[in-house]
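Colleague:
Residue numbers (my numbering), protein chains in the order written: chain A, 1 to 367; chain B, 1001 to 1307; chain C, 2001 to 2509.
1. Are the Cβ atoms of residue 2169 of chain C and residue 2213 of chain C separated by less than 8 Å?
2. By the 10 Å Cβ neighbour count, where 16 or more other Cβ atoms means buried, how is residue 1221 of chain B classified, buried or exposed?
3. Quick one: what's got a C-beta closer than 6 Å to residue 1310 of chain B's C-beta in the same chain, skipping five residues either side?
4. Going by C-alpha to C-alpha distance, which of B/1163, B/1283, B/1108, B/1270 sits closest to residue 34 of chain A?
5. What runs of the beta strand (DSSP E), each 3 residues or longer, lie entirely inside the segment 2011 to 2068 of chain C?
6. Does the distance from the CB of residue 1213 of chain B to the CB of residue 1278 of chain B come in under 8 Å?
7. Beta-carbon within less than 7 Å of residue 134 of chain A's beta-carbon, same chain only, minus the 5 sequence neighbours each way: which residues are those?
8. At what residues does the beta strand (DSSP E) containing residue 2104 of chain C begin and finish?
9. Give the DSSP-derived three-state secondary structure of residue 2485 of chain C in the structure shown.
10. I'd like to know if residue 276 of chain A contacts chain B, where contact means its C-beta is closer than 8 Å to some C-beta of that chain.
11. Using the Cβ count rule (16 or more neighbours within 10 Å means buried), how would you classify residue 1170 of chain B?
12. Is the segment 21 to 41 of chain A close to the segment 243 to 250 of chain A, with three or more CB pairs under 8 Å?
13. Taking only beta-carbon positions, decide if residue 1304 of chain B is within less than 8 Å of chain A.
14. Nearest-angstrom Cα distance between residue 1175 of chain B and residue 1188 of chain B?
15. Taking the alpha helix (DSSP H) that residue 2353 of chain C falls in, what are its first and last residues?
16. Could you have a look at residue 2470 of chain C and say whether DSSP puts it in helix, strand or coil?
17. State buried or exposed for residue 2038 of chain C, treating a residue as buried only when at least 16 other CB atoms are found within 10 Å of its CB.
18. Closer than 8 Å, CB to CB, is residue 1272 of chain B near chain A or not?
19. Determine which residues of the segment 2102 to 2115 of chain C have a Cβ less than 9 Å from any Cβ of chain B, and write them out in chain order.
20. Thinking C-beta only, is residue 2062 of chain C closer than 8 Å to residue 2287 of chain C?
21. Just to confirm the assignment: which complete alpha helix (DSSP H) runs, minimum length 4, are found wholly within the segment 224 to 298 of chain A?
22. For a contact defined as C-beta to C-beta under 7 Å, what are the partners of residue 236 of chain A on chain C?
23. Anything in chain B within Cβ reach of residue 2233 of chain C, meaning under 9 Å, just list it in chain order.
24. Residue 1260 of chain B by DSSP, collapsed to three states: which one?
25. Of all the CB atoms in chain A, is at least one closer than 8 Å to the CB of residue 1111 of chain B?
26. Is the beta carbon of residue 322 of chain A less than 8 Å from the beta carbon of residue 295 of chain A?
27. Taking 8 Å as the threshold (beta carbon to beta carbon), is residue 2261 of chain C in contact with chain A?
28. Residue 25 of chain A to residue 1022 of chain B, Cα distance in whole Å?
29. Taking the continuous beta strand (DSSP E) assigned at residue 2308 of chain C, which residues delimit it?
30. Please tell me whether, using a cut-off of 7 Å, the distance from the CB of residue 303 of chain A to the nearest non-hydrogen atom of the ligand ATP is below it.
31. I'd like to know if the segment 1247 to 1265 of chain B and the segment 1124 to 1138 of chain B are in contact, where contact means that at least 3 CB-CB pairs between them fall below 8 Å.
32. Name, please, each residue of chain A whose Cβ falls closer than 8 Å to the Cβ of residue 2365 of chain C.
33. Which residues in the same chain as residue 2510 of chain C place their Cβ atom closer than 6 Å to its Cβ, once the five residues preceding and following it in sequence are excluded?
34. What does the alpha-carbon distance come out to for the pair residue 1208 of chain B and residue 297 of chain A?
35. So with CB distances below 7 Å, who are the chain B contacts of residue 2063 of chain C?
36. Can you grab the Cα-Cα spacing for the pair residue 219 of chain A / residue 14 of chain A, in whole Å?
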């Protein structure tokens, strides 16, 4: 078989299995919860892919922040950093973008839109930078710090939209709507699909190429696979690679927030993200942290969300059912990976390297 | 000034109670070297189970159902992390998503669009004679629902258990070095399983407390991040029962500040900043302690396993 | 529950007393690898029994089975008067073994570093835990046995030999009658090792119920104190009998197999390698340190005022008790730790092979090519020439006799010996002026050990300056041309003689 084709076929097979399992799970859940599966599935398909409008304006529009935040999670996880703070970084990005948009006044020039997006990138990166600094300077586990920072970001946005950034009438807890020149252009007239989709696709390809072809990408993967070996045998500056991965991750999540603000909501408010940053973890994992895979799983999850909304509207099935499907999917993937892992490991265990660990060899944090 | 302050302290203790339950359970879990990010899931499932069961058989049954539901949810987590050795963080995240979705689904199935009526029995505050009359602190500490009083017993018992029993020693050893514990005749996986389930049951009780001792009703997503907060509390409390309880009070106090400000008429004070304070404080404490000297050395020691 | 008396092992011993510990027909496989095949072991009460064999011969696995840390596929276990059937043996646990009077001290200690001596010793008991009471027990055992320990000291702060004492006291606190010691002298300086062996002898003599199993690959230790000796080779029992009836040479035959007997036996049989002729002549200075002081990552000074040179074309061995600062010295020379004060002259390109290859040298789930690329990962810029690197890796695999089907398989699929050969080949690939290597043969079997030693001598003969550390003094003495000894951060050169080196390791002049 053509060697270049094999991974593509494997990916297609994986997508097919994923799709089949997803649909199967949906039907099983619908039936067991006593809903009319036929009607609900029709609504689901209609809402997610039933029309050109559904595909572009429902599914793809939701897939954009999921893809960007999914890339954010993927790059961090690839570097061995459990950044579960994409949600906070996304909010920080949206807030940064909103702040710059507010400063831009009523008649901003054309150059302001890129600056607004850049503000999101910087704000998201800075928010992740806090976690990176805490880890490298003080050894604080990023899992814990990023969770904390998610809550801080949420509360900070809550304060911003009631304080400094509140719209002029001071009635609603949100910022003033963006003027049209600060909104991302719509790609297809008659739909809501905005330029963000191009950004997401381009960034996914850039990240994919960078990770596999460049020395920097290899350093990042090496640190993620084994930071000690990377430092000792690769002479890699682990702290620098980790910092970069954190910043890049935060920047991508921040961009997701800025894109959501300028492409969809046009205003900052507390519930701007319905948990995109958390769903992004699932998106990245289901794609096995592969950047191009992230595009695929983001569309899948976007479709699930879009279809779920239609299902709720047209068939009275709560959207929560979609969340259950997503979660079960992740658990199935984890279980499949683990079982496979256990099998391969068992078959190659050798007696001569059955070395037990030394006392108290805690996981070391590179300083 | 006196009355609002008294109200504030009472509200702080009330808000802290479910947090303390969840965090004390998580403290035991983490002492065994497992971090259960899926705690949120146990809390929300505990809340829903308590709502459903308490309506039928009363408050005690509600609490029992809450604990059982929390335990069942963590059983899934335990199977994945303790036996399949799957990544604790990822599994926990999935469990949280699953529970939030699942409770939403079940809630709709039970109560339809109408929502829960006001028919759930709740437990009110019980005044302890004399003590509840102590100025300022009396009402806060001695005019609370029975679950709060249960904490007064649980904290010293847990402390004693950690440092003065061999099961406590085994628990701590497993969290520090499962290999060493195994060689000493302890069964690390069993210890971890039990510790995780213990944490789940306590989180379920926390969820039941939210419904049966506080709001009196179930709302989708009512756990509102309390599982994650509990994890912060454990860290802030340095993995000791007393410290954890103190940290829970601090978080309870921060959430209660908004009531204080409202009753004082300070509607302009940005209370969101106060809500963020405990998280910031946790980070500061963590950083000052230079990482995890007090943390179990084997905590979450599970490498990411992906193709 | 009465032990049967018909085993082969028993008849060869000719003893009538029931065994302190007996294993019958033990077989165990890991996947397709057969670790143990039909092994019998019979420990007479009141004796020290040496269990000999090369790394990977199955000694530790056999004893882990006895102690309940591994389960045998087949076979029965007798501990004292208790016979475990096959079913019982499968359900056997360390707790069970300890309750039957067995205690095991592992090569890599199993202590909880963050806990006190008392807590470690109490671990695994039931009921209430009273630190003061345990402390009394510790003191009482210390007085009785001479194994002194501070019950309230944090284990992580103790020296290696004190940690070993803690392990033994832990076993004794549970009334262990039969002690299994896995390579107990490996981490000790010669004087400490002698003291330990004396203690072991005394323990076995002290009470008719006592017995000690000494797992070792050192004939010297075995013949010094053992009453009985059992030899395993590749998972099979090849010799057993009383120590008097065996000679070093017959034991070496048994351990290595007739095939490997072609190698000449020196005084030190293990590691059994033919000593290469001394280097034809050291040339110019490649590594030079003057009053070098190195701190560890926490800022604690670990090497103080060290001065030495390593010339091209010589192998310099470093001997030290574990934790004497050797890790820091080697890492400073390798350029991985900064020089705190003093002067260190080193070439930019120093090959480094760390002792823990799984932790510090390899990306286990990455391909051999990627692992090969790791060496230059820190300095490479731009794109990685993957095709070129894959070709180069394949060449290296062939030239250095690394057994792997091709460069695209993951490192995890290689045996430990081939992993080490690969790591060494990677370090030597572009002929660096100097090579620093740490415990080069840890965990390797005889053949792989010999291959690594040959590779080191080839590197030397190619003009590379080699500096290596081994926790195995015999390896230092056999492989090195010159010997440096590090004691408590202080370095000096010592003649290549066992006694002189041993004394220097303890800081005795």
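Glycine included, every Cβ here is placed at the ideal spot set by N, Cα and C.
Modeller: Answer, in terms of the structure:
1. no
2. exposed
3. Chain B is shown only over 1001 to 1307; residue 1310 of chain B falls outside these bounds and no answer can be derived.
4. B/1108
5. 2021 to 2030, 2033 to 2043, 2048 to 2052
6. no
7. Within the same chain, and ignoring the five residues on either side of residue 134 of chain A in sequence, the residues whose Cβ sits closer than 7 Å to its Cβ are 140, 145.
8. Bounds of the beta strand (DSSP E) holding residue 2104 of chain C are 2102 to 2105.
9. strand
10. no
11. buried
12. no
13. With a pLDDT of 33 at residue 1304 of chain B, under the threshold of 50, the predicted position of this residue should be treated as unreliable, and no value is reported.
14. Rounded to the nearest angstrom, the two C-alpha atoms are 9 Å apart.
15. That residue, residue 2353 of chain C, is in no alpha helix (DSSP H); its beta strand (DSSP E) goes 2350 to 2353.
16. coil
17. exposed
18. yes
19. So the list reads 2104, 2106, 2108, 2109, 2110, 2111, 2112, 2113, 2114, 2115, given in the order they occur along the chain.
20. No.
21. 227 to 232, 238 to 260, 276 to 286
22. 2377, 2378
23. The contacting residues do not exist; residue 2233 of chain C stays about 27 Å from chain B at best.
24. Residue 1260 of chain B sits in a helix when the DSSP states are folded into three classes.
25. Closer than 8 Å to the CB of residue 1111 of chain B there is not a single CB belonging to chain A.
26. no
27. Note on residue 2261 of chain C: pLDDT 41, under 50, position unreliable in the model; the coordinate value appears next. No, no contact with chain A.
28. 31 Å
29. 2301 to 2311
30. Inclusion of the ligand ATP in the displayed structure is not the case, the ligand content being empty and no account of it being possible.
31. no
32. 225
33. Residue 2510 of chain C lies beyond the range of chain C shown here (2001 to 2509); nothing can be said about it.
34. 36 Å
35. Neighbours of residue 2063 of chain C on chain B: none; closest Cβ ~12 Å, over 7 Å.
36. 28 Å
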